[in-house]
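To keep things clear, I will list the structure first and then write my remarks on it.
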Amino acid sequence: MATLTPPVQANLSRADLIEEYDRDRLGFVMRAVRRYGPVVELSPGTVLVADGEVAHDVLRRTNRDFLMDRDRAWRPTDSRRGEDALESWMSARRAMLSALSGDLVAEHLRWYSASLTTLLDTWAGQGRTADPLRPLMRLSTDAFLRLCTGPSVSPDERAGLATAVAGLLDALNPIVRSSYELPWFLDRLTGRRRRAARAQHRLETGLAALVDRPPPAGLVAALRDAGVPREPLVRILVSAAIAARLVPAAANVWTLRAMAVHQPTDEPAHVVDEVLRMWPPTWLIHRATHAETASGPWRFPAHAALMICPYAIHRDERHWADPTEFRPARWRDGRPPAGAYLPFGGGPRWCVGTHLAKAQLVEAVRVFRHYRLVDDSGPVTTDTNSTLHPRGLALRVGRAAAPERNTTR
Ligand code: HEM
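Residue 209 in full-length UniProt numbering is what sits at position 209 of the sequence shown, and the numbering runs on without skipping anything.
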């Protein structure tokens with residue numbers, strides 16, 4: 001049997017780790033990988049994983065040997081197998097995956113394409129767009145809510161829910177971006193936690209009303225018809241609403257930028273794969289151990305926090321030739337080995353919205369091609385406080401050809 005070794009030790013104190021990490025999160029992580037290798041214990045109990053094979057194994061064994069230690073609203077959870085909450089979550093997940101793989105998405109994409117065209121037309125009318133992130137966040141949320149309600153609910157009727165989603169994300173922002181974690185029983189009492197709890201309650205109440213009286217078509221009706229009980233249904237809708245705002249908008253902004261800077265003529269799906277390789281919005285995925293646990297040659301301590309870094313894994317020269325070059329044509333040769341590409345995570349907790357998000361991005365590439373996009377930014381920085389996204393992006397936008405128009409609602 002192969003000998004197990006503990007991860008390479010960086011020997012930072014917790015305080016030094018937080019200080020260095022907060023100064024430049026991505027830079028710190030990439031420097032640590034270069035200096036110590038792809039599996040390193042940064043400070044006691046905090047392990048960085050930038051090895052695709054190990055990451056794949058950890059993700060695959062999630063719910064069993066590795067835990068999600070917090071939910072999408074950043075509250076501590078116990079995701080151990082056998083927990084009722086986990087079983088009902090996994091079954092709601094299966095229903096959502098199945099609902100998001102059929103006709104619902106096909107109809108949705110027509111609406112999405114028309115809505116994105118309207119947005120780009122507005123920018124083209126103005127000749128340029130300042131930071132496109134906010135409008136794209138609004139579109140992502142509206143897209144998710146319209147998917148939930150189907151076409152019979154008007155944008156005005158969706159507006160209240162959209163405000164509740166935005167309110168929850170804003171309230172979570174200071175919690176997610178903070179490296180300082182208070183013990184849960186203390187954190188519960190802080191102003192930021194109370195604000196987040198109120199915002200979460202508002203969104204839950206709005207989504208529960210939808211679950212109780214679902215409109216005839218749409219995701220909520222499909223999930224009710226599939227027999228998902230009320231409580232886990234509201235829970236997964238809240239999580240998906242959070243997941244479907246900033247992350248897809250960030251992917252969209254990276255795509256816009258790549259189109260403006262590189263003008264790729266490749267197949268849209270290859271452009272999307274390459275954008276998500278170079279700039280995976282979820283650049284860190286968190287897991288925890290409950291007992292001492294091995295993966296590959298490594299022995300992780302009990303109660304360790306694992307930081308899996310898709311960004312670093314996507315730039316690993318063992319799997320990617322010239323990894324820092326944007327080259328969609330590399331995807332013509334097929335898919336990379338398991339673990340080398342993780343924009344949507346992996347294992348039993350991989351992203352439920354993968355199919356939807358990829359289809360939306362492919363549609364976005366098609367829409368963007370109807371426009372002349374020129375990068376007109378000053379210095380662009382990369383925000384890594386939570387989701388990886390560019391800041392300070394500005395584009396000149398003009399019409400390249402008359403785009404097809406549909407009506408949107
Ligand atoms: C480009 C867009 C997107 C990216 C890159 C992305 C990425 C991810 C990743 C990496 C995870 C796994 C996190 C982990 O393992 O801890 C995840 C989970 C999740 N995503 Fe997405 N996502 C995207 C869009 C969406 C959309 C549109 C939805 C809405 C349906 C969605 C719903 C979810 C949910 C509900 C989870 C939690 C799954 C679970 O815990 O079982 N995502 N996403």
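A virtual CB, placed ideally from N, CA and C, is assigned to each residue, including glycine.
Near residue i, which residues of its chain fall below 7 Å by C-beta distance, leaving aside the five closest residues on each side in sequence?
i      : result
Arg198 : none
Ala338 : His56
Val253 : Pro132, Leu133, Leu136, His389, Pro390, Leu393
Arg202 : Ala164, Gly167
What is the DSSP secondary structure of residue i, counted as helix, strand or coil?
i           : result
Asp383      : strand
Trp350      : coil
Asn406      : The predicted model places Asn406 with a pLDDT of 49, which falls under 50 and marks its position as unreliable; any figure quoted below should be read in that light. In the structure shown, Asn406 sits in coil (DSSP, three-state: anything other than H, G, I, E or B).
Gly125      : helix
Val153      : coil
Gly368      : Contrary to the premise, residue 368 reads as Phe rather than Gly in this sequence. The answer is helix: DSSP assigns Phe368 an H, G or I state.
Arg31       : helix
Thr163      : helix
Arg94       : helix
residue 421 : This structure cannot settle anything about residue 421, because the visible part of the chain is limited to 1 through 409.
Thr62       : strand
residue 418 : This structure gives no information on residue 418, because the portion of the chain shown stretches from 1 to 409.
Ala130      : coil
His314      : coil
Tyr36       : helix
Gly191      : helix
Val228      : coil
Glu325      : coil
Tyr341      : coil
Arg213      : coil
Just to confirm my understanding: we take residue i, look at its own chain, exclude 5 residues before and 5 after, and list those with CB closer than 6 Å. What are they?
i      : result
Gln9   : Glu41
Thr265 : none
Ser101 : His355
Trp350 : Phe344
Thr141 : Ala162, Val165, Arg245
Phe66  : Val58, Arg287
Asn406 : With a pLDDT of 49 at Asn406, under the threshold of 50, the predicted position of this residue should be treated as unreliable, though the coordinate-derived value follows. Counting only Cβ-Cβ distances below 6 Å, and skipping sequence neighbours, we find Ala114.
Leu210 : Val220
Ala226 : Ala95
Gly206 : Leu161, Ala164
Arg372 : Gly398, Ala400
Is any non-hydrogen atom of the ligand HEM found closer than 7 Å to the C-beta of residue i, if you look at the structure I gave you?
i      : result
Thr149 : no
Cys309 : no
Trp350 : yes
Arg146 : no
Gly353 : yes
Val247 : yes
His286 : yes
Phe344 : yes
Compare the C-beta of residue i against all C-beta atoms of chain D and say whether one is closer than 8 Å.
i      : result
Thr205 : Considering every chain present, this structure includes no chain D. It has just one protein chain.
Return the bridge partner residues of residue i from the DSSP annotation.
i           : result
Trp298      : Thr5, Ser295
Pro390      : Thr382
Ser13       : Bridge partners of Ser13: none, in fact.
residue 416 : Beyond the ends of the chain as shown, which are 1 and 409, falls residue 416; an answer cannot be given.
residue 424 : A question about residue 424 goes unanswered here, because the residues of the chain that appear run from 1 up to 409.
Leu67       : Ala288
Can you name, in chain order, every residue of its own chain whose Cβ lies under 8 Å from the Cβ of residue i, other than the five neighbours on each side?
i      : result
Leu109 : Ala359, Gln360, Glu363
Glu204 : Val234, Val238
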